[in-house]
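K.L.:
Numbering (the numbering used here), first residue to last: 1168 to 1305. This is the structure I have questions about; it appears just below.
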Ligand SMILES: [Zn+2]
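Next comes the structure, spelled out in structure tokens:
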């Protein structure tokens, strides 16, 4: 925890508290619309698919697939020490996408990173209250 030198997300009681509460317990919590039954990410109080304000939270599987990725060669702040690293959009098993830093891959061998590869979420403790999600190729 003391080694976490990157920007710390700030949980918001209206939009994201349930997400961060779940992350602290190693769970991926996602908002789901009770009208159209679709999940969305990032968390919002209005469904981006049908504009309903009726949102519930579900515990997701924490499984997904690489939608696309990029190797980052420049970064700022706490990320500058990490370059090169790989960022990716993850297609969540339950629907919608999440942006992440991808783990379990070699940024010097992007040809080995496969679109559609299965990934699993993991969390790194940044503070007592914030555990940051990352995705890892499995
Ligand atoms: Zn909806």
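Using N, Cα and C, we set each Cβ at its ideal position, and we do this for glycine too.
Who pairs with residue 1196 in a beta bridge, going by DSSP?
P.N.:
1226
K.L.:
Just the C-alpha distance for residue 1238 and residue 1225, rounded to the nearest angstrom, thanks.
P.N.:
So the alpha carbons of these two residues sit roughly 32 Å apart.
K.L.:
Using a Cβ-Cβ cut-off of 8 Å (strictly less than) and excluding sequence neighbours within five positions of residue 1248, which residues of its own chain qualify?
P.N.:
1172
K.L.:
Residues around ligand 1, please: the ones whose beta-carbon is closer than 5 Å to some heavy atom of it, in chain order.
P.N.:
The set of residues with CB atoms less than 5 Å from any heavy atom of ligand 1 reads, in chain order, 1200, 1202, 1203, 1214, 1216, 1217, 1219.
K.L.:
Thinking residue 1261 and residue 1284 are a contact (beta carbons under 8 Å), I'd like their distance in whole angstroms, please.
P.N.:
No, residue 1261 and residue 1284 are not in contact; Cβ-Cβ is about 18 Å, not under 8 Å.
K.L.:
Looking at the unbroken alpha helix (DSSP H) that takes in residue 1287, where does it start and where does it end?
P.N.:
Looking at the DSSP string, residue 1287 is not in any alpha helix (DSSP H); the run it does join, the beta strand (DSSP E), is 1285-1292.
K.L.:
Let's test the definition: count the other Cβ atoms within 10 Å of the Cβ of residue 1243 and tell me whether it reaches 16, buried, or not, exposed.
P.N.:
exposed
K.L.:
Got a sec? Which residues, its chain only, sit under 6 Å from residue 1191 by beta carbon, not counting five neighbours each side?
P.N.:
1298
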